[in-house]
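Visitor: Note that our numbering gives residue 54 to position 54 of the sequence shown, counting from 1, and the numbers run on in steps of one. Built from N, CA and C at the ideal position, the CB exists for glycine as well. Could you have a look at this structure, given as structure tokens, before my questions?
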Amino acid sequence: MMKEKISNLTKSQSKSDLLWQIIPIVLILLLAAGLYIYQIGTESLWKDELLSVYRAKYLKDYIFVPRPVSYILLRGWMLFGYSDSWLRGLSAVFTVVSVFLVYRLGCRLVNKPVGLISALLMAVSPLFIHHAQEVRMYGISIFFGLLGTLALTSALESPNKFSIGGWAIARWLAILCTPLNLLLLLPDTVLFVWRFRKEKHVLLSFGAGLIAVGILWFPWVITVALNSAKFMGGFTGTVDPGIETDVENVQVKLKSAPTIINVLLQPGSFTAWPFGKPNSKVIFWFYNLYSVIVASLIGLALFKKRNSYKLGWAAAWGFLPLIPIFLVSQISRSLWVDRYLMFTAPYIFIILAAGFMMVWHRWRIPAVAIALIYFVAIAGGVKRYYSVLDREDWRGIVQLIQTNEKSGDIIVWSAREVIPRALNHYYSGSATIEVRSEQPQDDPQAIESWVESLPKTQSRLLLVFANPSSTLLSGIEKEFKVEQLYKIYARGTVELFLLTPHTSETQRK
Numbered sequence: 001m002m003k004e005k006i007s008n009l010t011k012s013q014s015k016s017d018l019l020w021q022i023i024p025i026v027l028i029l030l031l032a033a034g035l036y037i038y039q040i041g042t043e044s045l046w047k048d049e050l051l052s053v054y055r056a057k058y059l060k061d062y063i064f065v066p067r068p069v070s071y072i073l074l075r076g077w078m079l080f081g082y083s084d085s086w087l088r089g090l091s092a093v094f095t096v097v098s099v100f101l102v103y104r105l106g107c108r109l110v111n112k113p114v115g116l117i118s119a120l121l122m123a124v125s126p127l128f129i130h131h132a133q134e135v136r137m138y139g140i141s142i143f144f145g146l147l148g149t150l151a152l153t154s155a156l157e158s159p160n161k162f163s164i165g166g167w168a169i170a171r172w173l174a175i176l177c178t179p180l181n182l183l184l185l186l187p188d189t190v191l192f193v194w195r196f197r198k199e200k201h202v203l204l205s206f207g208a209g210l211i212a213v214g215i216l217w218f219p220w221v222i223t224v225a226l227n228s229a230k231f232m233g234g235f236t237g238t239v240d241p242g243i244e245t246d247v248e249n250v251q252v253k254l255k256s257a258p259t260i261i262n263v264l265l266q267p268g269s270f271t272a273w274p275f276g277k278p279n280s281k282v283i284f285w286f287y288n289l290y291s292v293i294v295a296s297l298i299g300l301a302l303f304k305k306r307n308s309y310k311l312g313w314a315a316a317w318g319f320l321p322l323i324p325i326f327l328v329s330q331i332s333r334s335l336w337v338d339r340y341l342m343f344t345a346p347y348i349f350i351i352l353a354a355g356f357m358m359v360w361h362r363w364r365i366p367a368v369a370i371a372l373i374y375f376v377a378i379a380g381g382v383k384r385y386y387s388v389l390d391r392e393d394w395r396g397i398v399q400l401i402q403t404n405e406k407s408g409d410i411i412v413w414s415a416r417e418v419i420p421r422a423l424n425h426y427y428s429g430s431a432t433i434e435v436r437s438e439q440p441q442d443d444p445q446a447i448e449s450w451v452e453s454l455p456k457t458q459s460r461l462l463l464v465f466a467n468p469s470s471t472l473l474s475g476i477e478k479e480f481k482v483e484q485l486y487k488i489y490a491r492g493t494v495e496l497f498l499l500t501p502h503t504s505e506t507q508r509k
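And the structure:
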């Protein structure tokens with residue numbers, strides 16, 4: 001009887017211990033889900049999101065583009081809904097699961113507290129919230145990247161065909177989400193070759209995995225190479241701002257090449273403030289101070305010999321891929337952009353968490369001060385994300401078109417794109433649509449010819465035009481009464497005009 005009571009007590013205690021082990025990560029996952037869902041449909045889909053929706057909708061034409069996995073998954077997701085909130089939900093789901101994966105990786109490489117802190121850093125990062133609320137590939141890319149890293153961690157601990165095979169498949173899928181994930185193979189190879197340098201049969205298995213990744217990815221190699229060449233635009237300063245490529249619309253201001261300062265401040269962008277320079281000098285210097293503290297914690301974690309050697313694995317995955325990106329950005333178009341670099345962020349979170357735990361164990365008061373500074377920084381970053389509308393309001397333009405259109409109206413779409421993706425996604429009216437991908441040169445004669453070529457109608461034209469000049473508007477006003485209805489900022493401006501022919505006005509009089 002006594003033994004039975006002791007056995008029941010032990011089982012009860014085990015269940016209680018298990019519950020308390022699960023509760024922290026469950027709470028973090030719930031927090032992540034809440035942040036990723038909150039206001040998810042408030043803003044319109046922006047241009048790159050509309051590109052994703054279009055390619056998923058016409059999937060058979062885009063299987064062999066550089067990032068097909070996200071389009072394939074999105075196509076399946078679209079079977080159950082088509083609202084902006086639902087479409088963005090796919091990335092939110094994958095990013096929440098990625099929070100759990102970084103927790104597991106942190107536990108494997110260091111310990112459970114580091115895993116929990118790493119998961120929390122990812123869950124509340126404004127950068128990750130932003131991309132969890134996008135119809136893009138970044139959340140899915142992070143998921144497959146972490147999945148492959150977990151598989152390789154198992155292989156580094158105890159190599160077998162299943163772990164190496166799982167790593168190869170996950171890396172292949174990650175590369176098909178974002179080609180920059182190819183750079184994860186650099187630390188993978190360095191770590192594996194060094195660890196098993198004396199075990200040739202293990203190295204042969206890993207080599208077979210690398211070859212399998214190459215063979216599986218081969219059908220996309222030429223496409224990726226050609227699109228990358230277009231995207232990079234040759235050497236610095238040579239990108240034509242008016243060209244639309246199959247990669248993305250390259251209507252962006254060229255970023256300057258990154259410096260060592262940018263490298264040191266990057267973890268601050270990953271964790272709290274990815275929004276560029278704040279308007280307030282006080283806020284600007286606060287986030288610079290915060291970034292210095294974050295960089296110091298990372299340095300402390302890396303250079304203390306007492307830390308687990310596996311933390312070096314996280315450092316390899318976090319920093320080795322950044323080296324080629326940094327070097328390429330010195331001679332060509334800069335790739336030092338938060339969203340391009342974020343595939344390395346989970347590993348930097350683990351190192352940062354390890355550094356904080358070192359301070360916590362040695363100097364409790366400074367650790368509390370650092371935690372307070374972090375919570376102020378993250379509160380400011382999260383508030384900034386939810387309170388400022390950053391995405392292009394294509395939905396607003398199309399809604400105004402539908403609100404103002406009348407029978408006989410014609411929509412003229414001249415937004416520097418061959419396919420009017422915003423109309424394809426949002427428009428449900430019946431007006432005739434004319435797409436003009438080429439715009440007139442900014443001189444009166446060319447504009448006069450362009451205006452004369454506009455469709456003739458006794459009704460009105462709803463003109464959507466990218467970056468209209470005063471010369472253009474003057475030329476249009478000779479033939480039409482011009483009323484500006486809306487303006488958005490989309491790598492420049494895109495404006496909606498209501499054009500009423502002067503002849504129609506005369507007839508009405």
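Please classify glutamine 445: does DSSP put it in a helix, a strand, or coil?
Guide: Helix at glutamine 445.
Visitor: In the DSSP output, which residue or residues are listed as bridge partners for threonine 271?
Guide: DSSP lists no partner for threonine 271.
Visitor: Would you check if the distance between the CB atom of glycine 355 and the CB atom of isoleucine 298 is smaller than 7 Å?
Guide: Yes. Within cutoff.
Visitor: Excluding the 5 residues preceding and the 5 following glutamate 483 in the sequence, name in chain order all residues of the same chain whose CB lies nearer than 7 Å to its CB.
Guide: These residues qualify, in order along the chain: Phe497 and Leu498.
Visitor: What does tryptophan 413 pair with, by DSSP beta-bridge criteria?
Guide: Val435 and Val464, per the DSSP bridge assignment.
Visitor: Consult DSSP for valine 102 and reduce its assignment to one of helix, strand or coil.
Guide: Here valine 102 sits in helix by DSSP.
Visitor: Within this structure, are the beta carbons of methionine 137 and serine 85 separated by less than 7 Å?
Guide: No, the Cβ-Cβ distance between methionine 137 and serine 85 is not below 7 Å.
Visitor: What did DSSP end up calling glycine 237 once you bin it into helix, strand or coil?
Guide: Because glycine 237 sits at a pLDDT of 39, beneath the cut-off of 50, its placement in the model cannot be relied upon, and the following sentence gives the value as read from the coordinates. Glycine 237: coil per DSSP, three-state reduction.
Visitor: I believe valine 480 touches threonine 500 by the beta-carbon criterion, under 8 Å. Please report the beta-carbon distance rounded to the nearest angstrom.
Guide: At residue 480 the sequence reads phenylalanine, which differs from the valine that was named. Sure, about 6 Å apart at Cβ, within 8 Å.
Visitor: Taking 7 Å as the cut-off, decide whether the C-beta atoms of phenylalanine 143 and serine 98 are in contact.
Guide: Their beta carbons are under 7 Å apart, which means phenylalanine 143 touches serine 98 by this criterion.
Visitor: So, with DSSP's three-state summary, where would you put glycine 330?
Guide: Before going further, note that residue 330 is glutamine rather than glycine in the sequence given. Reduced to three states, the DSSP call for glutamine 330 is helix.
Visitor: Take glutamate 448 as the anchor and find which of Asp442, Gly81, Gly475 and Glu199 has the nearest alpha-carbon.
Guide: Considering only alpha carbons, the answer is Gly475.
Visitor: Are the Cβ atoms of proline 455 and valine 435 separated by less than 7 Å?
Guide: Contact flag unset, no.
Visitor: I'd like the list of long-range same chain contacts for phenylalanine 235, defined as Cβ closer than 7 Å, with 5 residues on each side in sequence excluded.
Guide: At phenylalanine 235 the pLDDT is 40, less than 50, meaning the model places this residue with poor confidence and gives no usable figure here.
Visitor: Using the beta-carbon count (16 or more within 10 Å), is glutamine 266 buried or exposed?
Guide: Looking at its Cβ environment, which holds 16 or more other Cβ atoms inside 10 Å, glutamine 266 is buried.
Visitor: Look at the alpha carbon of threonine 344 and the alpha carbon of serine 163, and state the distance between them as a whole number of angstroms.
Guide: Approximately 21 Å between the Cα atoms of the pair.
Visitor: For the stretch 395-409 against the stretch 318-331, are there 3 or more C-beta pairs whose distance is under 8 Å?
Guide: Contact fails: fewer than three Cβ-Cβ distances are below 8 Å.
Visitor: Report, in whole angstroms, the separation of the C-beta atoms of alanine 132 and tryptophan 273, which I expect to be a contact under 8 Å.
Guide: Not a contact, Cβ separation roughly 17 Å.
Visitor: How far does the alpha helix (DSSP H) with glutamine 399 in it extend, from its first residue to its last?
Guide: From DSSP, the alpha helix (DSSP H) with glutamine 399 extends over 394-404.
Visitor: Which ranges would you report for the alpha helix (DSSP H) in the stretch 288-322 if only whole runs of at least 4 residues count?
Guide: Here the runs fully enclosed are 311-319.
Visitor: How would you call phenylalanine 128, buried or exposed, if buried means at least 16 neighbouring beta carbons within 10 angstroms?
Guide: Result: buried.
Visitor: How big is the Cα-Cα spacing for leucine 50 and isoleucine 72?
Guide: Cα-Cα distance, rounded: 15 Å.
Visitor: Judging by CA-CA distance, which residue of Thr259, Lys383 and Lys57 is the nearest neighbour of leucine 79?
Guide: Residue Lys57 is the option with its Cα nearest to leucine 79.
Visitor: In whole angstroms, what separates the C-alpha of isoleucine 348 from that of leucine 300?
Guide: Their backbone Cα atoms lie some 13 Å apart in a straight line.
Visitor: Suppose contacts are defined by Cβ-Cβ distances below 7 Å. Is leucine 264 in contact with alanine 295 by that definition?
Guide: Yes, the Cβ-Cβ distance between leucine 264 and alanine 295 is below 7 Å.
Visitor: Out of Gln441, Ser329, Arg491 and Leu191, which has the shortest C-alpha to C-alpha gap to arginine 391?
Guide: When each option's Cα is compared against that of arginine 391, the closest is Arg491.
Visitor: Using the rule of at least 16 other Cβ atoms within 10 Å of the residue's Cβ for burial, across every protein chain shown, is lysine 277 buried or exposed?
Guide: Exposed, since its Cβ has fewer than 16 Cβ neighbours within 10 Å.
Visitor: What is the DSSP secondary structure of valine 213, counted as helix, strand or coil?
Guide: Valine 213 falls in the helix class under three-state DSSP.
Visitor: Grab the span of the beta strand (DSSP E) containing lysine 487 for me, first residue to last.
Guide: 480-489 is the span of the beta strand (DSSP E), which, as asked, contains lysine 487.
Visitor: Could you pull out every unbroken alpha helix (DSSP H) segment of at least 4 residues lying fully inside the stretch 90-147, listed in chain order?
Guide: 112-124 and 126-132, all fully within the stretch 90-147.
Visitor: By how many angstroms is the C-alpha of lysine 487 removed from the C-alpha of valine 494?
Guide: One C-alpha to the other measures close to 6 Å.
Visitor: Looking at the structure shown, is valine 359 part of a helix, part of a strand, or coil, going by DSSP?
Guide: If DSSP states are grouped into helix, strand and coil, valine 359 belongs with the helices.
Visitor: Measure from the alpha carbon of phenylalanine 326 to the alpha carbon of each residue in Leu191, Ser154 and Ile260, then state which is nearest.
Guide: Of the listed residues, the one whose Cα sits closest to phenylalanine 326 is Ile260.
Visitor: If distances are taken between C-alpha atoms only, which option among His361, Leu389, Ala466 and Leu461 comes closest to aspartate 409?
Guide: Comparing Cα-Cα distances from aspartate 409 to each of His361, Leu389, Ala466 and Leu461, the minimum goes to Leu461.
Visitor: When the Cα atoms are used, what is the spatial distance from tyrosine 489 to leucine 372?
Guide: If you take the alpha carbons of tyrosine 489 and leucine 372, they lie about 36 Å apart.
Visitor: If we ignore side chains and look at the alpha-carbon of each, how far apart do leucine 90 and alanine 431 end up?
Guide: Taking the straight line joining both Cα atoms gives about 32 Å.
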